[in-house]
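The structure under discussion appears below in the form of structure tokens.
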Amino acid sequence: MRTIAVVGTGYVGLVTGVSLSEIGHTVTCIDIDEEKVKRMQQGESPIYEPGLSDMMSKNIEKKRLFFTTVHEEGFKNAEVIYIAVGTPEREDGSANLAFVEQVAKDIAANVTQDTIVVTKSTVPVGTNDRIQSIINENLAKNVKVEVASNPEFLKEGSAIYDSFNGDRIVVGSNSEEAANIIEEINKPFGVPVFKTGIKSAEMIKYASNAFLATKISFINEISNICERLDANVEDVANGMGMDKRIGDKFLNAGIGYGGSCFPKDTKALIQIAGNVKYDFELLKGVVKVNQKQQGLLIEKLKERLPDLKGKRIAVLGLAFKPNTDDMREAASLVVTEELINAGADVVAYDPIAMENAKKILNDELQYANGVEEAVNGSDAALVLTEWDEVKNVELDVFDRMAYPLVIDGRNCFSIEEMKENRIEYHSVGRPSVSSDSRQAITR
Ligand code: UDX
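Encoded structure:
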């Protein structure tokens, strides 16, 4: 077992540190945020992630997991240092590497023994070579530091599960010895390790996220064509997915991808390609389609309610996907803003993300304590996140609406059931349940 330091306790760093302690390593997580470090020392997770808090408490108690704000303390005795600080998006779409470069300098100033530095943060191709140079140029002691790339593929909401059940662990290194040590560290996870060069490892991360984003934008475009032709995109995706070369995952049409990775990484890869004078046309299309897709939901609403002024609109789900409180690049940011600008009274409900939402969404947004309260008396309900609580709601809850018009951006409900319950229902890429079965809207 190894002594490990993890710099940065954002989503990636914290899950990495906690999982490594769970398999027996001694891990010190370092963050500059004192308040956050204090909370983590008590076993309190700063993010909502199923299973994370319990695993933190357990390993803190076993004295395998520590948190500190002091770099030297974390680096002391560390055989391996993971870099997991943020690489936020710059205005031009490129990744801002200031935090990563600062950590490289801190490492160089503080390490006292030979160390392997493992980069978990998603960084443009070539960055690990730069980290190696920064460290070599600034080393305070005469020790050897090897840099390796070990990109992260965890999904929010199932990160702990994914740590032990991932499809692969990618290790990019110029040093066979370093790669072997990283492989050995990860062995207890029981996940296959793929070893390659540093630049290829860096590229695997971007290419994987860009490919998944492409799958989503592709099926979203197919869904828009299906709507015009009266075909059902769910059946189309199921039929396509049976071909093993295509695969049945990531073919759910909806209001586009959000979150901390896909939007940022697709734009960064376009930049990376541009820097070497390559125009990544396909990926530019993927990004454009994703932006368009969020707007289509409002268009559907406006087709039914052209004037939204004074209309009460329920919004079900705010997080960028279920089982997370993460609001980064969530479709709800765009959709709620448009509704409010159009003069609607917007009442939102999300099982977990409301506290986060309150910090960033428009102040005019109102919040409900449940689906029932949100839809009560509303003129339309928009579904933005496919939470189980929304999917499994008793459909008679929509009887509480002033008129039962449901516009579902996540295909949560069966068309047949909506028809039986006489709910006007529009979803993504599937036939609508029209208002014919009800009296026309008179308001
Ligand atoms: C993603 C990658 O899956 C993960 O490997 C990487 O490390 C980080 O980025 P995450 O952002 O947690 O993980 O979410 P993911 O479950 O991949 O979903 C991303 C977005 O795509 C969500 O907004 C989701 O709603 C959307 N999506 C996903 C679809 O619209 N359709 C799909 O079929 C799948």
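Going letter by letter, the sequence shown gives residues 186 to 628 in the numbering used here.
The beta-carbon is built from N, C-alpha and C at its ideal position, and this holds for glycine as well.
None of these values were measured; they are calculated from a predicted model.
Between Glu246 and Val192, what straight-line distance do the alpha-carbon atoms span, to the nearest angstrom? Taking the sequence shown and counting its residues from 1, one reaches residue 246 at position 61. Taking the sequence shown and counting its residues from 1, one reaches residue 192 at position 7. CA-CA distance, Glu246 to Val192, rounds to 21 Å.
Those residues which DSSP pairs with Lys380 across a bridge: Here residue 380 is taken as the residue at index 195 of the sequence shown, counted from 1. BP columns for Lys380 point to Val356.
When you compare only the Cα positions, how much space is there between Ile367 and Arg187? Within the sequence shown, the letter at position 182 stands for residue 367. Within the sequence shown, the letter at position 2 stands for residue 187. Take the alpha-carbon of Ile367 and the one of Arg187: they are about 10 Å apart.
Distance CB(Thr307)-CB(Lys384) smaller than 8 Å: Taking the first residue of the sequence shown as 1, we reach residue 307 at position 122. Taking the first residue of the sequence shown as 1, we reach residue 384 at position 199. No.
Out of Val575, Thr509 and Leu454, which has the shortest C-alpha to C-alpha gap to Val161? The shown model of the chain, from 186 to 628, leaves out residue 161, and the question about it has no answer.
When you compare the stretch 472-479 with the stretch 421-441, are there three or more beta-carbon pairs, one atom per stretch, that lie closer than 8 Å? With the cut-off at 8 Å, the stretch 472-479 and the stretch 421-441 touch.
State the CB to CB distance for the pair Val591 and Ala566, rounded to an integer number of angstroms; the pair is presumed to be in contact (CB under 8 Å). The residue you call residue 591 lines up with position 406 of the sequence shown. The residue you call residue 566 lines up with position 381 of the sequence shown. Yes, they are in contact, since the Cβ atoms of Val591 and Ala566 sit about 5 Å apart, within 8 Å.
Provide the residue span of the beta strand (DSSP E) that contains Val689, from first to last. Because the chain here runs from 186 to 628, residue 689 falls outside it and cannot be looked at.
Contact check, Leu436 vs Gly426, beta carbons under 8 Å: Residue 436 sits at position 251 when you count from the first residue of the sequence shown. Residue 426 sits at position 241 when you count from the first residue of the sequence shown. For Leu436 and Gly426, yes; Cβs fall inside 8 Å.
Hey, out of Ile545, Ala559, Ser620 and Arg607, whose CA is closest to Glu522's CA? Walking along the sequence shown from the start, residue 522 turns up at place 337. Minimum Cα distance to Glu522 is reached at Ile545.
How about Ala538 and Ser563: are their beta carbons less than 8 Å apart? Your numbering for residue 538 matches position 353 in the sequence shown. Your numbering for residue 563 matches position 378 in the sequence shown. Contact: no.
Excluding sequence positions up to five away, which residues of its chain have a Cβ less than 8 Å from the Cβ of Gly495? Indexing the sequence shown from 1 puts residue 495 at position 310. Excluding its 5 nearest sequence neighbours in each direction, Gly495 has C-beta neighbours in its own chain below 8 Å: Gly528, Ala529 and Asp530, listed in chain order.
Can you find at least 3 beta carbon pairs, one from the stretch 370-388 and one from the stretch 346-360, that sit closer than 8 Å? Yes: the two stretches touch, three or more of their Cβ pairs being nearer than 8 Å.
Just tell me which of Met603, Lys429, Val519 and Tyr463 has its CA closest to the CA of Glu484. Position 299 of the sequence shown, counted from the start, is the residue given in the question as residue 484. Taking only the C-alpha atoms, the option nearest Glu484 is Val519.
Paired residues, beta bridge with Asp530 - DSSP: In the sequence shown, residue 530 corresponds to position 345, counting from 1. For Asp530, which the question treats as bridged, DSSP gives the partners Arg497.
Identity of the residue in Glu229, Thr399 and Ala190 nearest Ile292 by Cα: Locating residue 292 in the sequence shown gives position 107, counting from the first residue. Distance check between Ile292 and each of Glu229, Thr399 and Ala190 places Ala190 closest, using alpha-carbon atoms only.
Ignore the nearest five residues each way along the sequence and tell me which others in Glu419's own chain have a CB closer than 7 Å to its CB. As a working note, residue 419 is residue 234 in the sequence shown. Contacts found: Asn596 and Arg615.
Using three-state DSSP, classify Ser619 as helix, strand or coil. Locating residue 619 in the sequence shown gives position 434, counting from the first residue. In the displayed model, Ser619 falls within coil according to three-state DSSP, outside both helix and strand.
Smallest Cα separation from Gly480: which of Ile457, Leu569 and Val421? Position 295 of the sequence shown, counted from the first residue, corresponds to residue 480. It is Leu569 whose Cα lies nearest to the Cα of Gly480.
Would you say Glu229 and Val200 are within 8 Å of each other, going by their C-beta atoms? Numbered from 1 along the sequence shown, position 44 holds the residue referred to as residue 229. Numbered from 1 along the sequence shown, position 15 holds the residue referred to as residue 200. One thing to note: Glu229 has its Cβ no nearer than 8 Å to the Cβ of Val200.
Is Thr509 helix, strand or coil by DSSP? Within the sequence shown, numbered from 1, the residue matching residue 509 stands at position 324. Coil at Thr509, not helix or strand.
One or two residues paired with Phe252 in a DSSP bridge: As a position in the sequence shown, residue 252 is number 67, starting the count at 1. BP columns for Phe252 point to Cys214.
Just reading off the beta strand (DSSP E) that Ser334 is part of, what are its end residues? For the purposes of this step, residue 334 is taken as residue 149 along the sequence shown, with counting starting at 1. Segment Val330 to Ser334, the beta strand (DSSP E) holding Ser334.
Across the stretch 502-514 and the stretch 339-346, are there enough close Cβ pairs to call them in contact, namely three or more that are closer than 8 Å? Pairwise C-beta distances place the stretch 502-514 in contact with the stretch 339-346, as three or more of them are shorter than 8 Å.
Compare the Cα-Cα distances from Ile525 to each of Ala516, Leu550 and Tyr534 and report the closest residue. Position 340 of the sequence shown, counting from 1, holds the residue named residue 525. Answer by Cα proximity: Leu550.
Once the 5 residues before and after Phe374 are set aside, which same chain residues still bring their CB inside 8 Å of it? Locating residue 374 in the sequence shown gives position 189, counting from the first residue. Cβ neighbours of Phe374 within its own chain (closer than 8 Å, five residues either side excluded): Ser204, Ile208, Ser348, Phe349, Gly351 and Ile354.
Compute the beta-carbon to beta-carbon distance between Ile217 and Thr254, rounded to the nearest angstrom, for a pair I have assumed lies under 8 Å. As a first step, residue 217 must be located in the sequence shown, where it is residue number 32. As a first step, residue 254 must be located in the sequence shown, where it is residue number 69. At roughly 6 Å, the Cβ-Cβ gap stays under 8 Å, so Ile217 and Thr254 are in contact.
Residue closest to Thr399, alpha-carbon to alpha-carbon, out of Cys411, Asn417 and Phe447: If you number the sequence shown from 1, residue 399 lands on position 214. Across the set Cys411, Asn417 and Phe447, the C-alpha of Phe447 shows the shortest separation from the C-alpha of Thr399.
Beta carbon nearer than 5 Å to a non-hydrogen atom of ligand 1: Qualifying residues come out as Phe338, Lys340, Glu341, Ile401, Phe435, Asn437, Gly439, Tyr442, Gly443, Gly444, Cys446, Phe505 and Lys506.
Is the beta carbon of Ala289 closer than 8 Å to that of Ile184? Because the chain here runs from 186 to 628, residue 184 falls outside it and cannot be looked at.
Measuring straight from C-alpha to C-alpha, what distance separates Tyr196 and Asp299? For the purposes of this step, residue 196 is identified with residue 11 of the sequence shown, where counting begins at 1. For the purposes of this step, residue 299 is identified with residue 114 of the sequence shown, where counting begins at 1. Tyr196 and Asp299: Cα-Cα distance of roughly 28 Å.
Could you tell me which whole beta strand (DSSP E) segments of length 3 or greater appear in the stretch 268-328? For the beta strand (DSSP E) assignment, the uninterrupted runs of no fewer than 3 residues enclosed by the stretch 268-328 are, from N- to C-terminal side, 300-304.
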